[in-house]
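Colleague:
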Amino acid sequence: MALVLVVRSEELGIGYEHDEGVAWVVEDLDLEVEHGVVTCLIGESGCGKSTIGNAISGLLPPYARTYGRLVVADRVVIDGDKMNFTGVRGKVVVRIAQDPASALNPYLTIGEQLSTAIRTHFPGLSEHDVRSKALELLSDVMLGEDVYDRYPHQLSGGMKRRAAIALALAPEPEVIVADEPTSALDAYLKYAVASLLKKLQREWELTLVFITHDVSIARYICDQVVVVYAGRIVEEGASPRCLESPSHPYLELLLKALPKRFSKDRLADIPGMPPRPGMYPTGCKFHPRCPYVFERCRQEEPPIIKAGDRLVRCWRYYEQSLT
Amino acid sequence: MSSLPLRSTIEDITSLLTRTWRKRPGFRVSLIIMIVLFTVAALGPYIAPYPRQGLGVEIDVTNALLPPSPKHILGTDSLGRDVLSRVLFALGRGLYQSLVVVAVSLVLGIVVGSFTALAPRSIEAVVSYVIELLLALPSILLAALLAILLGGTATSITVALIVTWFPWYARVSYLQARGLRELDFVRIPLYYGLSRAYVVVKHIGPNILAPMIVEALSDMGSVVLEISSITFLFGIGIGSFEEPDLGMMVANGLRDLVRAPWVFTAPAAILALIAIVFTVFGEAVYEEHHPILRRRWWLWF
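Which chain is which? The protein sequence lines are A and B, in order. Following our numbering, the numbering of the first sequence begins with 1 at its first residue and continues without gaps. Following our numbering, the numbering of the second sequence begins with 324 at its first residue and continues without gaps.
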């Protein structure tokens with residue numbers, strides 16, 4: 001497969017305006033996503049994962065402020081403080097919402113909502129074609145034809161999630177940003193939705209940006225792993241292997257916090273809380289919670305360092321990278 | 324396309340009404356009386372025995388204050404007009420007026436409320452304050468003011484009532500739209516650059532219409548009473564002593580209460596009937612829609 005960069009960000013920063021100024025949530029983000037790859041953004045709540053996803057899918061609120069550049073499908077969508085998502089948002093890149101209940105209008109049937117989306121993106125289709133295309137989309141996400149005439153409240157949580165995915169696929173996008181598509185589902189449905197997304201990604205040759213805080217789902221679905229902490233990439237690896245052998249202490253602790261089978265040990269946790277945007281500590285953003293912290297971490301922020309098959313933002317790998 | 328969201332709203336309302344019909348005998352009685360009242364009001368001008376007296380154009384002072392008899396079933400008033408004909412005409416006008424007030428306020432309130440919720444923050448704040456200001460305004464005083472300004476016709480009362488009623492609907496729909504505007508199906512079309520009007524018509528409107536109609540249904544009785552109390556207190560103006568209106572008839576009948584109680588009793592009884600029936604109807608629908616309120620009379624004790 002040709003290595004085509006679909007999403008490329010250069011020194012991207014995103015912040016939200018509030019009364020006292022701008023809280024920068026994401027800073028100096030250099031992210032590259034190749035065509036046809038599943039990229040997982042992993043991190044705790046409040047790390048800026050969703051903000052990155054919203055930026056890629058063009059759904060930043062009007063009070064968002066930016067710097068740097070973001071290129072999606074050869075279009076510069078964010079350049080400095082200017083955003084221009086025309087022709088990209090909703091056509092090339094779509095987002096699957098975190099909460100499908102809020103993405104679907106409760107007063108319209110699934111069919112009506114699908115047809116509206118299809119009519120918008122493919123004007124000139126006859127009513128019959130619109131309907132058959134909608135039914136096709138429903139069967140793609142493994143929903144029966146009867147769902148076409150149902151209202152969202154008549155669907156179960158998993159079905160709603162599938163309907164939201166079908167709605168996102170309607171414009172035939174290139175990139176899908178799935179913002180925690182497995183939240184609030186039980187363990188079985190999580191894997192069902194994840195494997196559905198994986199299957200659709202292969203069949204439609206999509207680029208999938210998968211945002212999750214669930215490492216086990218990430219391990220199951222991803223090709224590329226990006227660990228985000230306090231709005232920065234702390235570890236980036238081109239394969240799920242870095243989920244087996246973590247380099248950054250944050251990912252290491254995240255993996256330790258997963259429940260293990262047959263283990264009688266107390267489940268590990270990461271002490272403290274992720275810092276709030278605008279109140280990030282100096283030096284390495286993770287140093288207050290890091291078990292390996294040393295003096296330099298408190299003073300200076302580490303650069304992204306190449307360590308073996310991956311990129312890590314940690315001083316521990318600095319010496320190693322010099323040699 | 325736009326008829327489709329309305330379909331589910333109509334389904335909502337009809338299912339609510341049938342459910343209330345099944346469960347509540349009070350609702351059944353009041354609905355039947357309401358239908359009778361509306362039919363009588365609609366047919367009033369045609370079945371009135373003395374239409375010209377009903378309208379107030381014809382006065383026959385020689386027949387003043389006659390007691391009920393086969394010729395004048397409800398007697399005559401101080402100007403010799405047939406009370407039954409007067410009541411029939413007045414009923415139609417009152418109900419029609421209250422329907423206009425409720426319908427116009429409902430539409431106006433939904434439009435103002437949902438656009439306010441989507442407007443920029445400064446406009447939102449200003450409009451909310453204005454709505455609250457209008458809520459604080461007593462409708463009777465405003466009606467008196469408008470009666471002076473507009474020359475005291477039935478129109479001025481309708482306008483005054485609309486001005487004081489629509490803020491309630493605007494407030495309720497504003498609050499509901501505020502809850503909706505954080506949801507993705509409202510937010511994302513706006514980010515995509517679709518117009519506010521489209522989002523209001525397609526997404527917000529259908530979602531708040533059904534509860535708003537329920538509010539309106541339960542409010543109609545109060546509007547009839549409000550109209551009547553305004554006309555009772557102020558009349559519809561100096562030049563319209565002939566105009567049939569329940570409130571005015573009660574006010575005029577009071578003068579002859581001792582000599583001719585029937586002049587006062589007939590319109591007052593009709594008013595009481597309207598008030599009771601509409602209130603029972605509205606309460607039943609409202610409580611069925613918000614079941615948590617069913618036991619709210621407990622709060623009185």
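Virtual Cβ for every residue (Gly too), placed ideally from N, Cα, C. All figures in this text were calculated on a predicted structure; none of them were measured in a lab.
Taking the continuous alpha helix (DSSP H) assigned at A:ILE176, which residues delimit it?
Modeller: Residue 176 of chain A sits at position 176 when you count from the first residue of the first sequence. Note, A:ILE176: premise wrong, no alpha helix (DSSP H); beta strand (DSSP E) at 175–179.
Colleague: For a test of the three-state rule: what should DSSP assign to B:THR476, helix, strand or coil?
Modeller: Within the second sequence, residue 476 of chain B is the residue found at index 153, counting from 1. Correct three-state label for B:THR476: coil.
Colleague: Closest to A:MET142 by C-alpha separation, out of A:ARG162, A:LEU155 and A:LEU125, would be which residue?
Modeller: Working through the first sequence from its first residue, we reach residue 142 of chain A at position 142. Among A:ARG162, A:LEU155 and A:LEU125, the Cα nearest to that of A:MET142 belongs to A:ARG162.
Colleague: What's the gap between the Cα of B:ASP383 and the Cα of B:ARG375?
Modeller: Reading the second sequence from its first residue, position 60 is the one you call residue 383 of chain B. Reading the second sequence from its first residue, position 52 is the one you call residue 375 of chain B. Taking the straight line joining both Cα atoms gives about 11 Å.
Colleague: State the DSSP-derived secondary structure class of A:GLN98, mapped to helix, strand or coil.
Modeller: Within the first sequence, numbered from 1, the residue matching residue 98 of chain A stands at position 98. Note: A:GLN98 maps to coil in three-state DSSP.
Colleague: So, with DSSP's three-state summary, where would you put B:MET572?
Modeller: To locate residue 572 of chain B, count along the second sequence from 1; it is residue 249. The answer is helix: DSSP assigns B:MET572 an H, G or I state.
Colleague: The alpha helix (DSSP H) spanning A:HIS121 covers which residue range?
Modeller: What you label residue 121 of chain A is simply residue 121 of the first sequence in a count that begins at 1. Start and end: 110–121.
Colleague: Assuming A:ILE221 and A:LYS198 make a contact with CB atoms under 8 Å, what is their CB distance in whole Å?
Modeller: Taking the first sequence and counting its residues from 1, one reaches residue 221 of chain A at position 221. Taking the first sequence and counting its residues from 1, one reaches residue 198 of chain A at position 198. Contact holds; Cβ gap of about 5 Å.
Colleague: Considering only DSSP beta bridges, list what A:ASP269 is partnered with.
Modeller: Along the first sequence, read from residue 1 onward, the residue named residue 269 of chain A stands at position 269. Paired residue(s): none; A:ASP269 is not in a bridge.
Colleague: For the beta strand (DSSP E) that contains A:TYR229, what are its first and last residues?
Modeller: Counted from its first residue, the first sequence places residue 229 of chain A at position 229. Unbroken beta strand (DSSP E) run through A:TYR229: 224–229.
Colleague: Taking buried to mean at least 16 other C-beta atoms within 10 Å of its own C-beta, is A:ASP186 buried or exposed?
Modeller: As a working note, residue 186 of chain A is residue 186 in the first sequence. It is exposed - the Cβ of A:ASP186 has fewer than 16 other Cβ atoms within 10 Å.
Colleague: My guess is that A:HIS35 and A:VAL6 are in contact by the Cβ rule of under 8 Å, so how many angstroms apart are they, rounded?
Modeller: One-based indexing of the first sequence puts residue 35 of chain A at position 35. One-based indexing of the first sequence puts residue 6 of chain A at position 6. That pair is a contact at about 5 Å.
Colleague: According to a CB-to-CB cut-off of less than 7 Å, which residues of the stretch 484–513 of chain B neighbour chain A?
Modeller: Cβ contacts with chain A come from LEU506, ASP507, PHE508 and ILE511.
Colleague: Alpha carbons only, please: which of A:LEU169, A:PRO61 and A:HIS287 is nearest the one belonging to A:LEU200?
Modeller: Counting from one through the first sequence, the residue named residue 200 of chain A turns up at place 200. For A:LEU200, the nearest C-alpha among the options comes from A:LEU169.
Colleague: What's the C-alpha gap between B:GLU610 and B:PHE601?
Modeller: Locating residue 610 of chain B in the second sequence gives position 287, where the first residue counts as 1. Locating residue 601 of chain B in the second sequence gives position 278, where the first residue counts as 1. C-alpha separation (whole angstroms): 14 Å.
Colleague: Give the secondary structure of A:THR86 by DSSP, where H, G and I count as helix, E and B as strand, and everything else as coil.
Modeller: Start at 1 with the first residue of the first sequence, and residue 86 of chain A comes out as number 86. Looking at A:THR86 - three-state DSSP - the assignment turns out to be coil, as it is neither helix nor strand.
Colleague: List the whole-angstrom C-beta distance separating B:LEU594 from B:VAL581, where the pair is believed to meet the contact cut-off of C-beta under 8 Å.
Modeller: The count along the second sequence starts at 1 and reaches residue 594 of chain B at position 271. The count along the second sequence starts at 1 and reaches residue 581 of chain B at position 258. The Cβ separation is near 21 Å, so there is no contact.
Colleague: Considering only the beta carbon of each residue, do A:VAL130 and A:SER115 sit closer than 9 Å?
Modeller: The residue given as residue 130 of chain A occupies position 130 in the first sequence. The residue given as residue 115 of chain A occupies position 115 in the first sequence. Taking 9 Å as the Cβ cut-off, A:VAL130 and A:SER115 qualify as a contacting pair.
Colleague: Spell out whether any CB of chain B is found under 9 Å from the CB atom of A:ALA103.
Modeller: Within the first sequence, residue 103 of chain A is the residue found at index 103, counting from 1. Output row for A:ALA103: interface = yes.
Colleague: For B:PRO372, would you say it is in contact with chain A, using Cβ-to-Cβ distances shorter than 9 Å as the test?
Modeller: Here residue 372 of chain B is taken as the residue at index 49 of the second sequence, counted from 1. No, no contact with chain A.
Colleague: Please classify A:TYR318: does DSSP put it in a helix, a strand, or coil?
Modeller: Along the first sequence, one-based indexing puts residue 318 of chain A at 318. A:TYR318 falls in the helix class under three-state DSSP.
Colleague: The stretch 104–136 of chain A: which residues have C-beta closer than 7 Å to a C-beta of chain B, in chain order?
Modeller: Taking 7 Å as the Cβ-Cβ cut-off against chain B, the residues of the stretch 104–136 of chain A that qualify are LEU104, ASN105, PRO106, TYR107, LEU108 and GLU112.
Colleague: Quick test of your reading: B:PRO567 and B:ALA364, contact by CB under 8 Å. State the CB separation rounded to the nearest angstrom.
Modeller: Within the second sequence, residue 567 of chain B is the residue found at index 244, counting from 1. Within the second sequence, residue 364 of chain B is the residue found at index 41, counting from 1. B:PRO567 to B:ALA364, Cβ: 12 Å. No contact.
Colleague: Please identify the residue among A:PRO259, A:CYS290, A:LEU255 and A:PHE262 whose C-alpha is closest to the C-alpha of A:GLY272.
Modeller: In the first sequence, residue 272 of chain A corresponds to position 272, counting from 1. The candidate whose alpha carbon is nearest that of A:GLY272 is A:CYS290.
Colleague: Does the distance from the CB of B:ILE599 to the CB of B:SER353 come in under 9 Å?
Modeller: The sequence position of residue 599 of chain B within the second sequence is 276, counting from 1. The sequence position of residue 353 of chain B within the second sequence is 30, counting from 1. In contact: B:ILE599 and B:SER353 (Cβ atoms closer than 9 Å).
Colleague: What's the C-alpha gap between B:ARG345 and B:LEU540?
Modeller: Here residue 345 of chain B refers to the residue found at position 22 of the second sequence. Here residue 540 of chain B refers to the residue found at position 217 of the second sequence. Computed Cα separation, rounded: 18 Å.
Colleague: Answer yes or no: does any C-beta atom of chain A fall closer than 9 Å to that of B:ASN530?
Modeller: Looking up residue 530 of chain B in the second sequence gives position 207. True, the Cβ-Cβ gap to chain A drops below 9 Å.
Colleague: Report the neighbours of A:GLY97 on chain B: residues whose CB is nearer than 7 Å to its CB, in chain order.
Modeller: On the first sequence, residue 97 of chain A is found 97 positions in, with the first residue counted as 1. According to the sequence as given, residue 97 of chain A is Ala; it is not Gly. Simply ASP507.
Colleague: For A:ALA23, which residues does DSSP report across the bridge?
Modeller: As a working note, residue 23 of chain A is residue 23 in the first sequence. BP columns for A:ALA23 point to A:TYR16.
Colleague: Does the beta-carbon distance from A:ASP30 to A:ILE305 come in below 9 Å?
Modeller: Within the first sequence, numbered from 1, the residue matching residue 30 of chain A stands at position 30. Within the first sequence, numbered from 1, the residue matching residue 305 of chain A stands at position 305. Against a cut-off of 9 Å, the Cβ pair of A:ILE305 and A:ASP30 comes out as no contact.
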